[in-house]
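Going down the list, the protein sequences come from chains A and B.
For the first sequence, full-length UniProt numbering gives the first residue as 1, with consecutive numbering after it.
For the second sequence, full-length UniProt numbering gives the first residue as 1, with consecutive numbering after it.
Even for Gly, the Cβ is constructed at its ideal location relative to N, Cα and C.
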Amino acid sequence: MNPFNQLLPEGPQLQPGLCTLVDADIAYIHLISDIATGLAYFSIPAALLVFVLRRRDLAYPWVFGLFAMFIIACGATHLMHAWTLFSPDYVTEALIKLICAAVSVTTAIVLWPLLPRLLALPSPGALAREVEERRAAEARALASEARVTAFIDNLAEALFVIRINGADDFVVETVNPAFERLFGLRGADIAQRPVAEVIAPHLLAAAMPHWQQALETRRPVEYVMDAETMLGPRIWQTVLVPMTGADGTVESLLGSARDITLTRRLQADLLQSARLATVGTMCAGLAHETSQPLNAATLWLRNARAAAAELGPADPAARLGTALGVIDSQLRRAGDLVARIRALPGAESGAAQVFDAARCAAAAVRTAAGQYAPERIDVVLRSDVASLPVQGVPARLEQALLQLLSNARDAVQDRRLRDPDAAAEILVTLAEDGGEAVIEVRDNGTGVPDALRDVIFDPFFTTRDPGRGSGLGLPLAAAIARAMGGRIDVHNLPDGGAVFTMRLALAQPQDRIDQPETVPC
Amino acid sequence: MAAPRILVAEDEGLAAMALEDELLREGYAVTLAPDGLAALEAAAQEPPDLLLTDLRMPRLDGSALIRALRAARPDLPVVVMTGYAPAGGAAAFAADGEAPISLFAKPLDMDAVLAELRKLLNRP
């Protein structure tokens, strides 16, 4: 006999599925709870499914599948339980329970070994911390990169990177603002373009041997360039570092160039000053000591001439007169030389005043143009300024400019000896630059050989034949410029010829007011 | 009227002799002094109408001589002969209110010097 039957109350037979429940209220609680739990168990896997579908990066997605199956199986047992209240389908219920048990046990078995691995996964908090750390690191990197960029952008040295694509295929990769300032080239205009297209041929020809050396030796190369750039003559010192790739070939050249034009000019000026101080002292002494015997001889010559004049017109007296005339002219010549040497150290004769260098230059150009016209040499004046107030002695400045013009004329005539059809032109330009009056005398002559550039301002240095040129012209011009708070530089033009640049301190405005502006040159 | 007296301070004996010759021929009275100190002594004995002086001399140089003589006689005309002109030219010797100083570089252009002497001494 079925032991459960003892529990059944006496009375009317209950519906088959509700046989175990005596109280209808309890039966309804069971029914509602099972249906509610079953539906809930069916909805949870749906939520899991949505989660898995949305989050494709889950570490163990199959675990969610397993959970879903487990929950669905459990839900199914609850719904089945509700069903059996009405219909005694116990075989099906048993099957569903079996499936539920299998899935539950499988899940339980699988879960434990998986637990350490799940625990090893970073928690959202840890992930958030890591994300935060990475963001901070990224911010630091960005700030550091910004610092490096700012550093490179504000670096005084010109930086450039040349990419080496092949033996003769060099491309400008990038340059910094200092590079743009040094060479007058815009980075945007030259980046990613072949060097031959963007760098002047004479610069490239001068630099290329150094680049090749860096490529061949794969070692840093240091060199100094002295050349005409877009912005005028510049001297710069470059360090070139070859950057090699993984295979050992040089992929790019990293160059840093420092503008040493001013430093070099200062050095040259110092050297020149030291040399001139010595030469100046020597000249002063020489002039003084030479003038004494010349003076005595000249005075006694007058004496002798006076005596000879009293001899009468006989032959010997005439010859004596001629001889004395020769001595006289030679003494005068020596006297003139002494006067020029005396003028060299720059001691001014005549009082300094404020005057217009532009008018002075115009006067000198007029004089020279008239003198050189028969030789078919054009002298042209071009001026960017209305006036150039400077302080000094007008006649001395004109003398200096005439000297530069005469020098230019000699240069174009030398060129003609080699190349008779060459156009002979001397261009004088006037400009104002950085508080200085700039007077340039530009010729298309033979240029100044590099080796002579430092000595052409030395007294008595000359490339002329004996008797032509005393070697005092340029030193005199330089001495006059110095006395006016300036200097003269020379450099060669890329296409031949030379430019002598005279820079003079502009007179201060207060000086200009004190002085009449109509001082004639 | 007595001939104007020119005091010549010049340490180069030969040049001084030639100058003396020229000046005497022009009708001036001449006193020669081989240096600045001798010139001061000569001026004390016989006051000159004009000083013709070199700059570089032993014992007392030309600049000091000019200052000493002009301290007593600011209107004394002075002609300087020099182998090396000072910076600023003749203006370097002159103080305000003094008579002008003429500067000639050696070797001297004697005609120019004689013309200047005539002008300074108001002679035809």
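Quick one: what's got a C-beta closer than 6 Å to Asp378(A)'s C-beta in the same chain, skipping five residues either side?
Glu425
Using CA atoms only, rank isn't needed, just tell me which of Val224(A), Glu222(A), Arg234(A) and Arg359(A) is closest to Gly184(A).
Arg234(A)
Specify the secondary structure class of Leu8(A) as computed by DSSP and reduced to three states.
Residue placement at Leu8(A) is flagged as unreliable, the pLDDT there being 49, under the threshold of 50; the coordinate-derived value follows with that caveat. In this structure, Leu8(A) counts as coil in the three-state DSSP scheme.
Along the alpha helix (DSSP H) that carries Met17(B), what are the first and last residues, could you check?
Gly13 to Arg25
What is the residue span of the alpha helix (DSSP H) that Gly435(A) lies within?
Element bounds for Gly435(A): n/a, residue is neither H nor E.
Helix, strand or coil for Phe355(A)? Go by DSSP, reduced to three states.
strand
I want to verify the contact list: residues of chain B whose CB lies under 8 Å from the CB of Leu294(A), in sequence order.
Lys106 and Pro107
Entirely within the stretch 445-484 of chain A and at least 3 residues each: give me those beta strand (DSSP E) ranges in chain order.
none
Just to confirm, are Asp54(B) and Ala9(B) a CB contact at a threshold of 8 Å?
yes
Helix, strand or coil: which one does DSSP assign to Ile164(A)?
strand
Would you verify that the beta carbon of Glu12(B) is, or is not, closer than 8 Å to some beta carbon of chain A?
yes
Listed by chain order, chain A residues near Met110(B) by CB distance under 7 Å
Leu299 and Arg302
When you compare each of Leu103(B), Arg56(B) and Pro124(B) to Gly285(A) by their alpha carbons, which one comes out closest?
Arg56(B)
Say yes only if the C-beta of Asp336(A) is nearer than 7 Å to one or more non-hydrogen atoms of the ligand SAM, and no if none qualify.
Annotation note on the ligand SAM: not contained in the displayed structure, which lists no ligands.
Spatial neighbours of Arg219(A) in its chain, beta-carbon cut-off 8 Å, leaving aside the 5 residues before and after:
Pro242
Taking the Cβ atom as the reference point for each residue, do Leu324(A) and Ala339(A) lie within a distance shorter than 8 Å?
no
So is Ala115(B) in contact with chain A if we call contact Cβ pairs under 8 Å?
no
Taking the alpha carbon of Leu231(A) as the reference point, which residue from Leu240(A), Thr261(A) and Ala205(A) has its own alpha carbon closest?
Thr261(A)
Counting pairs of Cβ atoms below 8 Å between the stretch 431-445 of chain A and the stretch 405-419 of chain A, do you hit three or more?
yes
Where Arg56(B) meets chain A, residues with beta-carbon distance less than 8 Å:
His288
Along the chain, which unbroken stretches of the alpha helix (DSSP H) at least 4 residues long are found entirely within the stretch 69-139 of chain A?
90-120
Take the Cβ of Lys119(B) as the centre, count every other Cβ of all protein chains shown within 10 Å, and call the residue buried at 16 or more, exposed below.
exposed
Burial state of Ile6(B), where buried means 16 or more other Cβ atoms lie within 10 Å
buried
Going by Cα to Cα distance, which pick from Leu203(A), Asp153(A) and Gly166(A) is closest to Asn180(A)?
Sequence check: residue 180(A) is Glu here, not Asn. The option with the nearest alpha carbon to Glu180(A) is Asp153(A).
Go ahead and pull the three-state DSSP assignment for Val365(A).
helix
Bridge-paired residues (DSSP) for Met110(B)
DSSP, once it has assigned bridges, lists no residue as partnering Met110(B).
Less than 8 Å between the beta carbons of Ala363(A) and Leu405(A), yes or no?
no
Which word fits Ala102(A), buried or exposed, when buried means at least 16 other C-beta atoms lie within 10 angstroms of its C-beta?
exposed
Reduced DSSP category for Val393(A) - H, G, I as helix; E, B as strand; rest coil:
coil
Would you verify that the beta carbon of Ser291(A) is, or is not, closer than 8 Å to some beta carbon of chain B?
yes
Output needed for Gly485(A): all residues of its chain with C-beta closer than 6 Å, excluding positions within five of it in sequence on either side, in chain order.
Ala505
Strictly under 8 Å for the Cβ-Cβ distance: is Gly321(A) near chain B by that measure?
no
Is DSSP giving Ser252(A) helix, strand or coil here?
strand
So which residues on chain A does Gly83(B) lean against when the C-beta distance must stay under 7 Å?
Ala287, His288, Ser291 and Gln292
Residue-level contact to chain A via CB, Asp61(B), 8 Å cutoff
no
Residue environment, Glu216(A), which counts as buried when at least 16 other CB atoms sit within 10 Å
exposed
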